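**Student:** Here's a structure for you.
Numbering (our numbering), first residue to last: 1 to 1116.
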């Protein structure tokens, strides 16, 4: 919905702008025919590409303009006035060329006030404790000073405070002919007129855009879309027009015509009641205009634009669009400073370079490059600040926005653990350093407190540089320390480090500032240069081999040893003259900067005087890049004061082109980095500022397609391909003779506490075909890329196809199990797998279908575990570590309940079937024989011819007895299936009654002794039923075969067992063994089988002539 609203507003805005410009053109055409213009503008060479903020003139009609420095017109050329101050000039008021007042705004929102007079610069005590927003001189010795609601008069060398402005705002504009009365326009567009009686609000506090006067009672006021005339009779509205809403500044020409300017080159005129337009032939935003006493008209604007109308003659304007446009990434607030180290890298994995800026006091900034957000957020050029969101602010408590006394300095950015994203290493002056590991290009994990993370035991760390010093495929780390030894840490491949400083030959005492690696002697190993504030810059050759890492100090063999201790800050490697050898630049604070040329063997010679004009900068940072895409690396240097951009002239010398390229910036600038931010092929520039100025992004506007950009991806080597070398050759003729067009080495940190984009950009000729050679640090082979043409971006992988897949898979597997941070995760995974396997094998007796369901469900649970666990990776110090395993346990419990219900349903169904089968079998056994007997008797009765009276009487009685037996069997089965009878008491009662009734009918004496408690004792159904059937079968055997006269029935409880005995005094059995084998029938055998199935202890004691005893014992 928001996108739709934004698009609708954008379309309406564009349509409105088109209509507005059409109206202006129509006004221009009409007005030109009515009264013509007595002037015409032409563009003038301003000598700068920086935005011009203000114009001013002196008493002798000298003309000045202000960028962050003051420029003066001398004859026909603009000259920058180099005042030795730290910071950018905020406001100025020239009395003459030799008498200028100006201010510099500090980070504390206070101002330093300076007075330049007759060649001398003096720091004047400011009249206000806050900043000075405006200065207006009405005469050589009389002026008005305005601050944050404060006003003061300067006369005869002293300040007198005036009543404060009613609005708590700074003064944007002042006008006065003497200091007794003045007009003042505040920062919130409120206009006041002051005289000795006090302040008077004008236009009832309507928003006033601008005003202009010839005297205190003759002029114009512009309020949004309304134009007012001011004269002695008062203030009256003379024009209301929507086009006036686009006006920023107004001024009165000598012929009383009112000139108005605005954005997009807008110029309008008002005279004799008519509003007309003027075609400025430019699209830049116009910022100020000046009408001199001679009638000359000056208009200034963005990107160094100057328009002039007058009689003076100037050199022909050269329309050169090449150069930088300056952008402040945060549009709110006064200053974007407090920055030191800078990194330019793709921190969120979208193939666009982002910017990370280290702030010494406040929380760091992470500017995410998001072009689609350019008009939706407060950040220009589509950058979104996300340091806190991504846990990368570098502070203890990001919610407070402060570092709580932790002072930050330098940064290293590289794929430390070779997982495909950019990690961050932060250097602190008074605390342990911080290692922030990038998690899937989403957020950062602070692992600084873990062991072997190269973060502790440092004192005042300044900078970090990464390189694979032993070419084993992972990035090692070098850290400079100002108050202790520098450190070299070897990476074990997982982002864990071992301090090898002592054995590597890189121990030092103190004073380390910055460092950078490069293979300067072409032996395939990265060498090291370290800048020191004292004693001086050092060069180390890498002589590692045979599993041993070692560096040798070779400084004395080079011209570096000849340089005096210079408080060296930055070191930067680059091939300055395209000879294929890496040269060295050192930025110094106390002496001139130094350029050293490499002879191919790493022995450097000082060529500073041959390449640079004399200078006296206090330099901090440096970065090389081919900013103009002419094939040679240019150099940008940050200073305390004014920065400088040097153009490399064919590898022979450097020329200052700072103004020509719009690279002007002043303050206390520190780190600087280069890279193609907007993906247009030319290198852009970001410059960090500490105090007295802003950090800024310089977008390169070459507009050329004469570039080749190469990005490398390591496979055997480190992912960033740091240390990889690229040679670009051009084919010069049909015979295919090759000339070196450029050489680059991917660098892992340099300059001043910073690291530039890890990409190689070459300026090339669009009409020539090139080829490139690429050598990765951990590979012996050199890759060749043919048919390289201008305007292309090449992505070169060290390996491709199956080799790349195999190598990456093997490396990832080794790193995963080698990484000590993964050990809790490995244990978690193994325990989860073991839990799932044990669960399945514990229930292995289930059916195949149930087992298959269980295994499939376990696999699905494991997939859920893997998915959930990735959101809580590396969180073993919190309860979050157990979330995924607890989910597995919960799902297993649900699975067990689900399968349990299935098994219970199946068991119930099985028991139901078994019961039906049992009922069927029992009914068949008992009823079949009984009904068969009845049938036989009935047939016998039917077939008798001669029936004797006794037989007739016996047969019906026999049939009735059999029917009664069948009914009894049915009753027994009903009793056995009823759950109400599942007790020992019910079994004894049923059995005793049954025996009494049956034995009485058969004239056998029945005696019972029952020692059973009255409290019901539950019996399992199978024990109850089988015990009853065993006793029933025994009773039937007694009646049929024993010829007994007495039967005794005993039941008693003995501890946890019930003992039941059935004894008769019949004839007994001669051989009980043969009976149990089935020699005399199946009755006793069936009894024994039933007992075994039910788990009943069963015994038979019998002796011929003494009767038989059946004994049962079962647990209750």
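All residues carry an ideal CB built from backbone N, CA and C; glycine is no exception. Just so you know, these numbers come straight off a predicted model, no measurement behind them.
In the DSSP assignment, what residue or residues form a beta bridge with residue 94?
**Tutor:** Note: residue 94 sits in a beta bridge opposite 100.
**Student:** Go to residue 869, then tell me how far its alpha helix (DSSP H) extends in each direction, as first and last residue.
**Tutor:** Where residue 869 is concerned, the enclosing alpha helix (DSSP H) stretches over 848–869.
**Student:** Tell me which residue opens and which closes the beta strand (DSSP E) that residue 337 is part of.
**Tutor:** Segment: none, residue 337 is in no beta strand (DSSP E) and carries neither H nor E.
**Student:** Report the three-state DSSP secondary structure of residue 27 (helix, strand or coil).
**Tutor:** In this prediction, residue 27 has a pLDDT of 46, which is less than 50 and means its spatial position is unreliable; nothing more can be read from the coordinates.
**Student:** Three Cβ pairs or more, each shorter than 8 Å: is that satisfied between the stretch 772–780 and the stretch 498–516?
**Tutor:** No, they do not touch.
**Student:** Grab the span of the alpha helix (DSSP H) containing residue 801 for me, first residue to last.
**Tutor:** Run containing residue 801: 801–818, per the alpha helix (DSSP H) assignment.
**Student:** CB-CB under 6 Å to residue 1102, same chain, minus the five flanking residues each way: which ones, in chain order?
**Tutor:** Result list for residue 1102: 1068, 1069, 1072 and 1108, in chain order.
**Student:** With distance defined between alpha-carbon atoms, name the residue in 223, 886 and 689 nearest to residue 359.
**Tutor:** It is 689 whose Cα lies nearest to the Cα of residue 359.
**Student:** With 16 as the cutoff for other CB atoms within 10 Å, does residue 91 come out buried or exposed?
**Tutor:** Under this definition residue 91 is a buried residue.
**Student:** Residue ranges of each alpha helix (DSSP H) run of no fewer than 4 residues wholly in the stretch 467–523, ordered along the chain?
**Tutor:** Within the stretch 467–523, the complete alpha helix (DSSP H) runs of at least 4 residues are 501–504.
**Student:** Where does residue 545 fall in DSSP's three states?
**Tutor:** Correct three-state label for residue 545: strand.
**Student:** Assign residue 659 to buried or exposed, taking buried as 16 or more other Cβ atoms, counted over all protein chains shown, within 10 Å of its Cβ.
**Tutor:** Residue 659 comes out buried.
**Student:** Please determine, among 369, 336 and 362, the residue with the shortest C-alpha to C-alpha distance to residue 350.
**Tutor:** Residue 369 is the option with its Cα nearest to residue 350.
**Student:** Need the endpoints of the beta strand (DSSP E) that residue 172 sits in, please.
**Tutor:** Its beta strand (DSSP E) spans residues 171–178.
**Student:** What is the DSSP secondary structure of residue 638, counted as helix, strand or coil?
**Tutor:** If DSSP states are grouped into helix, strand and coil, residue 638 belongs with the strands.
**Student:** Where does residue 914 sit, in a helix, a strand or coil, going by DSSP?
**Tutor:** Note: residue 914 maps to helix in three-state DSSP.
**Student:** Which first and last residues belong to the beta strand (DSSP E) in which residue 198 is found?
**Tutor:** Here the beta strand (DSSP E) through residue 198 covers 198–201.
**Student:** So what's residue 460 in DSSP terms, helix, strand or just coil?
**Tutor:** Looking at residue 460 - three-state DSSP - the assignment turns out to be coil, as it is neither helix nor strand.
**Student:** Along the chain, where does the beta strand (DSSP E) containing residue 618 start, and where does it finish?
**Tutor:** Taken as a continuous stretch (DSSP letters only), residue 618 belongs to no beta strand (DSSP E), as it is neither H nor E.
**Student:** For the alpha helix (DSSP H) that residue 713 lies in, which residues bound it at each end?
**Tutor:** First-last for residue 713: 707–713, but that is the beta strand (DSSP E), not the alpha helix (DSSP H).
**Student:** Can the beta-carbon of residue 564 be found closer than 9 Å to that of residue 536?
**Tutor:** Contact: yes.
**Student:** Report the CB separation of residue 128 from residue 150 in whole angstroms; it is logged as a contact under 8 Å.
**Tutor:** Their Cβ separation, rounded to whole angstroms, is 5 Å, which keeps residue 128 and residue 150 in contact under 8 Å.
**Student:** Pick helix, strand or coil for residue 295, following the three-state DSSP scheme.
**Tutor:** In the structure shown, residue 295 sits in coil (DSSP, three-state: anything other than H, G, I, E or B).
**Student:** Locate the beta strand (DSSP E) running through residue 435, then write down its first and last residues.
**Tutor:** From DSSP, the beta strand (DSSP E) with residue 435 extends over 434–439.
**Student:** Taking all protein chains shown into account, do 16 or more other C-beta atoms lie within 10 angstroms of the C-beta of residue 33, making it buried, or fewer, making it exposed?
**Tutor:** Caution is warranted here: a pLDDT of 44 is assigned to residue 33, below 50, making its placement in the model unreliable, and the coordinate value is therefore given only provisionally. Residue 33 should be labelled exposed.
**Student:** Three Cβ pairs or more, each shorter than 8 Å: is that satisfied between the stretch 592–606 and the stretch 624–631?
**Tutor:** The stretch 592–606, when compared against the stretch 624–631, does not touch it at the 8 Å Cβ threshold.
**Student:** Touching or not, the stretch 885–904 and the stretch 855–869, by the rule of three or more beta carbon pairs under 8 Å?
**Tutor:** In short, these stretches touch, since the Cβ pair count reaches three.
**Student:** So, is residue 997 buried or exposed, given that buried needs 16 or more other C-beta atoms within 10 angstroms?
**Tutor:** Per the 10 Å Cβ criterion, exposed.
**Student:** Short of 6 Å in beta carbon distance, which residues of its chain neighbour residue 1111, apart from the five on each side in sequence? Order them along the chain.
**Tutor:** 1061 and 1099, listed in sequence order.
**Student:** Pick out whichever of 606, 798 and 116 has its Cα sitting closest to the Cα of residue 95.
**Tutor:** Closest by alpha carbon: 116.
**Student:** By a C-beta neighbour count over all protein chains shown, 10 Å radius and 16 as the cutoff for buried, is residue 274 buried or exposed?
**Tutor:** With fewer than 16 Cβ atoms within 10 Å of its Cβ, residue 274 is classed as exposed.
**Student:** By DSSP's criteria, residue 215 is part of a beta bridge. Which residues make up the other side?
**Tutor:** Residue 215 is bridged to 218.
**Student:** Write down the C-beta distance between residue 663 and residue 698 rounded to the nearest angstrom, noting that I regard them as a contact closer than 8 Å.
**Tutor:** Between residue 698 and residue 663 the Cβ distance is about 6 Å, and since that is below 8 Å, they are a contact.
**Student:** For a test of the three-state rule: what should DSSP assign to residue 1015, helix, strand or coil?
**Tutor:** DSSP places residue 1015 in coil when its eight states are reduced to three.
**Student:** In terms of alpha-carbon separation, which member of 618, 595, 603 and 622 lies closest to residue 610?
**Tutor:** Per the Cα distances, 595.
**Student:** In chain order, what residues of the same chain lie with their CB nearer than 7 Å to the CB of residue 650, ignoring the 5 residues before and after it?
**Tutor:** Same-chain partners within the cutoff: 632.
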